[in-house]
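Trainee: Here you go, one structure.
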Amino acid sequence: MARPAALVTGASRGLGARIAARLAADGHPVAVNYARSADAAHHVVQRITAEGGAARAYRADVTDDAQVAALVDDVRRDLGPVGVLVLNATGPQPKVPVDALDWPDVAQHLDFFVRSPVLLLRAVLPDMRRAGWGRVVHIGSDVVQRLPPGSSAYVAAKAAQRGLAGVWAKELGPLGITVNTVAPGWIPVERHADAAPEALAEYEAGVPLGRMGVPDDVAAAVAYLVSDAGGFVTGAWLPVNGGSTIS
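Quick note on my numbering: the sequence shown kicks off at 104 and runs consecutively.
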């Protein structure tokens, strides 16, 4: 049985790239969305196709209404209706202490974690409704539980995203659509290339499973929630952090 098309936002590198590869390996035609990194996105597509999967790269700013609508139309034309939506796109994540905090610091995160999901869900929902099936997975963050100093703008937006997912799960469940959130801990990817070794060591020391996570850990969680085996799971908040937020 053919698997529905999956759209993974922010998939040219990091977690998004691994999620795209895993969903393609599971049989989904995958739309690899990117905003600027065309070469990296096409490299992701090349790796997927070399391994026997189906994928295409699509440039779009997923915080822009018109570009989101065009993106979903293009994916529908090329790969079929989007049945799996993985909301992974993010922007810069600078630390901003509270005495320097201003509204634009919060707004830029809300654009990625609230505005973008709203635009994307609105665009894919008609096809999911017609199919009577859909999977929506937010890539959240365990910062909502850890509350690191200097991250109030980011935490506020991620907390809003968590609430959004919960309400959607209740509203969309009767339509056969599940909505879940995968909440990674600190999983080093390209954006963390300049992280101080002592900071990595300090974080790892607080992980009960005794290691840093890798992108494949997150991809595996997404793959489960998208799969038939995960079909009775909705409204879940799934930390993928080795137990670092166990209370």
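In this text, a Cβ means the ideal position worked out from N, Cα and C, and glycines have one as well.
Given the structure is predicted, the values throughout are model-derived calculations rather than measurements.
For the beta strand (DSSP E) containing A158, name the first residue and the last one.
Mentor: Element bounds for A158: 158–162.
Trainee: So what does DSSP say about T152, is it helix, strand or coil?
Mentor: T152 falls in the helix class under three-state DSSP.
Trainee: For my contact list, V171 and L223 are in at a C-beta cut-off of 8 Å; report their separation, rounded to the angstrom.
Mentor: V171 to L223, Cβ: 6 Å. Contact.
Trainee: Hey, quick one: how far does the alpha helix (DSSP H) through H131 stretch, first residue to last?
Mentor: Here H131 belongs to no alpha helix (DSSP H), and DSSP marks it neither H nor E.
Trainee: Kindly indicate which three-state DSSP category W236 falls into: helix, strand or coil?
Mentor: Note: W236 maps to coil in three-state DSSP.
Trainee: Cα separation between Y257 and G288?
Mentor: The alpha-carbon atoms of Y257 and G288 are separated by roughly 14 Å.
Trainee: Rounded to whole angstroms, what's the CA-CA distance from A323 to V247? Just pull it up for me.
Mentor: If you take the alpha carbons of A323 and V247, they lie about 21 Å apart.
Trainee: Threshold first: 4 residues or longer. Then list the alpha helix (DSSP H) segments lying entirely within the region 282–312, N to C.
Mentor: Here the runs fully enclosed are 300–308.
Trainee: K78: which of A339, I242, R249, S330 sits nearest, CA to CA?
Mentor: Examination of residue 78 is not possible in this model, given that the chain is present from 104 through 350 alone.
Trainee: Can you give me the C-alpha to C-alpha distance between L312 and A298, rounded to a whole angstrom?
Mentor: Roughly 21 Å between the two C-alpha positions.
Trainee: Round the Cβ separation of V199 and A134 to the nearest angstrom and send it over; I've been treating them as touching at under 8 Å.
Mentor: Incorrect: roughly 33 Å between the Cβ atoms, too far for contact.
Trainee: At a cut of 8 Å, does the region 147–167 reach the region 178–195 through at least three beta carbon pairs?
Mentor: Enough Cβ pairs lie closer than 8 Å, so yes.
Trainee: Measuring only the C-alpha atoms, how far is L126 from P132?
Mentor: Approximately 8 Å, taken between the alpha carbons.
Trainee: Pull up the distance between the alpha-carbon of T337 and that of A169, whole angstroms please.
Mentor: Answer to the nearest angstrom: the Cα atoms are 29 Å apart.
Trainee: Hey, out of R218, G276, V201, whose CA is closest to R238's CA?
Mentor: Cα-wise, what sits closest to R238 is G276.
Trainee: For L228, which three-state DSSP category applies?
Mentor: The answer is helix: DSSP assigns L228 an H, G or I state.
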